[in-house]
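Heads up: the structure comes next, in structure tokens.
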Amino acid sequence: MHSADWRKRGYLRVGLLLIAIATTGFAHSRFETRSRVELGQLQVPSADYVKLWSLGFDAAVADYFWLRAIGVVGAEQGAVEEQGEVLADLIDLVTTVDPWVSHPYRFAAVWLTRDRGMVERGNRLLERAISYHPLDWRNRYHLGFNHFYYLDEQLRAADLLEGAIGLEGAPDYLAPLVARLRSREGGLQVAAAFLVQMIESAEDEYKKAEYLKALDEIQIEERARFLDEARVEYWRRNGRDIEQVTDLLAGPNPVLQRLPRAQMHLDGFEWILDPETNQIVSSFYRIRYQLHESETDRQRKQEWREREAAAEAEGA
Amino acid sequence: MIGRIWAMAVNTAREAVRNKLLYTLLFFALIMMLFGTVLSALSYVDRERMVQDFAFSSIRLFSVAIAVFVGVGLIHKEVERRTVYTILSKPLSRAEFLIGKYTGLVLIIWLQVAIMALFFAGVSLLLGAPLGFAHLAALALTAVELALVVALATLFSSFTTPLLSSFFSCGLWIAGHLTRDLRDHGASSASALVREGTTWMHRILPDLESFNLSLEAAHQLPVAASDVWFPALYGAGYVAAVLAFAVMIFERRDFR
Chain G
1 MHSADWRKRG YLRVGLLLIA IATTGFAHSR FETRSRVELG QLQVPSADYV KLWSLGFDAA
61 VADYFWLRAI GVVGAEQGAV EEQGEVLADL IDLVTTVDPW VSHPYRFAAV WLTRDRGMVE
121 RGNRLLERAI SYHPLDWRNR YHLGFNHFYY LDEQLRAADL LEGAIGLEGA PDYLAPLVAR
181 LRSREGGLQV AAAFLVQMIE SAEDEYKKAE YLKALDEIQI EERARFLDEA RVEYWRRNGR
241 DIEQVTDLLA GPNPVLQRLP RAQMHLDGFE WILDPETNQI VSSFYRIRYQ LHESETDRQR
301 KQEWREREAA AEAEGA
Chain E
1001 MIGRIWAMAV NTAREAVRNK LLYTLLFFAL IMMLFGTVLS ALSYVDRERM VQDFAFSSIR
1061 LFSVAIAVFV GVGLIHKEVE RRTVYTILSK PLSRAEFLIG KYTGLVLIIW LQVAIMALFF
1121 AGVSLLLGAP LGFAHLAALA LTAVELALVV ALATLFSSFT TPLLSSFFSC GLWIAGHLTR
1181 DLRDHGASSA SALVREGTTW MHRILPDLES FNLSLEAAHQ LPVAASDVWF PALYGAGYVA
1241 AVLAFAVMIF ERRDFR
């Protein structure tokens, strides 16, 4: 064959190759290539079904679905809250196929917060986490937090957090936090008793000091409550409220003979009226012993209540 | 007898080494192990573990592929090329021929598992991922599983075509990983037939999940010696039974 024919054939081949590439590129640009996660169309197969068919590749299969779960949170389209069901299904799948994973449980706890149902699903996952990682304080902490913060179940939260105290890596503030939670429903005596028990069993001097500090705060709160009662009595006797705490000692018929110490061990602190709340507080703590609830928390709880009421009304 | 089997095994191993499919699958296995590092970058936690998971899965997947696709042609090639007549005309029994072929292929597969395991260890060390006894135990049991898969491939190869052999071998490998779950699902069935059927399936078919320590390896969970020895013993017994069955069939086979 002549070289001109070879050249012609070569041009023809290159031409065909370019046409093929251009056609492929054109066609590819014309159809939907966004992932199902981004389109919000991700369908999660049944966890048991995937477990059955993982054929011994459990760890890799779980990793694959974990990456999809990250994709759901990382996807730009749609808020994570809207994808809650998908995310819960994915984490359920991941932890069914490989229950020994650690982080996905807490990942679910952080993201599954849209409503009570989602929080409860997250909690079930955390309960599974605890059964597989009984010595990991973080799962108990997240579960306790969910019960306290989202479900308003202080005593359940206290029980769960108590289980985390003493586990490796658990922070020292857990015991005081448990005491605080117990104080809300069980009263100060219950909280104090818990702390006394913790102090007696603590082997670490630093931890013991932390618990003692928390116990001091409870004792100061008990005194503050005593002053509250005295304040009511002052009102009854004088027909007006106190302007300062020392008013309780003033007058011909004082309500109290003397004020208790405002700090258990240090001098120089006094009882004052908090200008914002008008509560009697120690100038050492400047806040009463209670669980803090922010405005956002209150709003969220209100929204939940409204949503649940609407769902109930719809059901009826 | 051992000498003749060994000579056959060495010969089979030499032949298998010349098989391009072996290198292709080995190459892809190594590529997949590296791909795991790319994939794990998508996660913000447990990256090293994910690399190990994908690498370990690659070892298992490609080793099984090699075991099946090289194993199914084991006897067929000899028959097709008529070399079986020459070999069997020598003072070598059919049983020795078959067991020698099997041993040779198992040795080659274990060798490639060892190569992949070294690569796995290298990648793990490079990434600072932990390596422990659980990995070793998981690899050892993978080797036992592969020996069993090769035995199954040899059995099917002794009486049918490579295509059907690969279907049967793959089917049994899949079924072998499902029998436990099927038994558990069957146990809750209202039908006694289903309950008994799934229980017997689990007893008769190879319980390949007993060789699966991938989760233990992934999470460095404690592995008791009995978790390795009993499955290994079970695998050895099963291999012996399958090979005995294969020999029985092969001895009755008419090559005309």
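Going down the list, the sequences are from chains G and E. First residue of the first sequence? That's 1 in my numbering, and the numbers climb one at a time after it. First residue of the second sequence? That's 1001 in my numbering, and the numbers climb one at a time after it. Glycine included, C-beta positions come from ideal geometry on N, C-alpha and C.
- The beta-carbon of G/TRP66 is placed less than 8 Å from the nearest beta-carbon of chain E.
- Contacts between E/HIS1177 and chain G, judged by CB atoms closer than 7 Å, involve LEU55, GLY56 in chain order.
- Contact annotation, G/LEU112 with G/GLU127: C-beta distance approximately 13 Å; criterion of less than 8 Å not satisfied.
- Annotation for E/VAL1242: LEU1148, ALA1151, LEU1152, THR1154, LEU1155 place their beta carbon closer than 8 Å to its own, counting only its chain and skipping 5 residues before and after.
- Beta-bridge analysis with DSSP links G/VAL281 to G/ILE272.
- Contact annotation for G/TRP100 against chain E: LEU1215, ALA1218, HIS1219, LEU1221 [CB-CB distance below 8 Å, chain order].
- In the three-state reduction of the DSSP assignment, E/THR1103 falls in the helix class, which pools H, G and I.
- For the C-beta of E/GLU1209, the chain G residues within less than 7 Å are, from N- to C-terminus, GLY56.
- When DSSP states are grouped into helix, strand and coil, E/ARG1252 belongs to the helix group.
- C-alpha of G/VAL255 to C-alpha of G/TRP271: approximately 15 Å in a straight line.
- Counting along the chain, the unbroken alpha helix (DSSP H) around G/HIS103 starts and ends at 103-111.
- If you check each beta-carbon in the region 1010-1031 of chain E against every beta-carbon of chain G, none falls closer than 9 Å.
- No Cβ-Cβ contact shorter than 8 Å links G/ALA164 with G/TYR150.
- At a Cβ-Cβ threshold of 8 Å, E/GLY1100 and E/ALA1009 count as neighbours.
- For the 8 Å CB-CB criterion, E/CYS1170 and E/VAL1068 form a contact.
- Residues of the region 135-158 of chain G with a Cβ closer than 9 Å to any Cβ of chain E: none.
- Residue state for G/ASP159 is assigned as helix, using DSSP reduced to three classes.
- When the five nearest sequence neighbours on each side are left out, the beta carbons in the same chain lying within less than 6 Å of the beta carbon of G/MET118 are those of GLY84, LEU112, in order along the chain.
- Boundaries for E/LYS1090: no alpha helix (DSSP H) harbours it, and the DSSP string shows neither H nor E there.
- Under the DSSP assignment, G/PRO176 falls in the alpha helix (DSSP H) whose first and last residues are 174-186.
- Cβ-Cβ separation between E/PRO1222 and E/GLY1176: approximately 26 Å, too far for a contact (criterion under 8 Å).
- Contact annotation for E/SER1043 against chain G: ASP63, TRP66, LEU67, ILE70 [CB-CB distance below 8 Å, chain order].
- With respect to chain G, the C-beta atom of E/SER1057 has a partner C-beta closer than 8 Å.
- Contact annotation: E/ALA1138 and E/GLU1216 have beta-carbon atoms nearer than 8 Å.
- Proximity of chain E to G/HIS103 at the Cβ level (cut-off 8 Å) is accounted for by VAL1045, ASP1046, in chain order.
- Counting the other CB atoms within 10 Å of its CB gives E/ASP1184 a total below 16, which places it among the exposed residues.
- In the structure shown, G/GLU243 adopts coil according to DSSP, grouped into three states.
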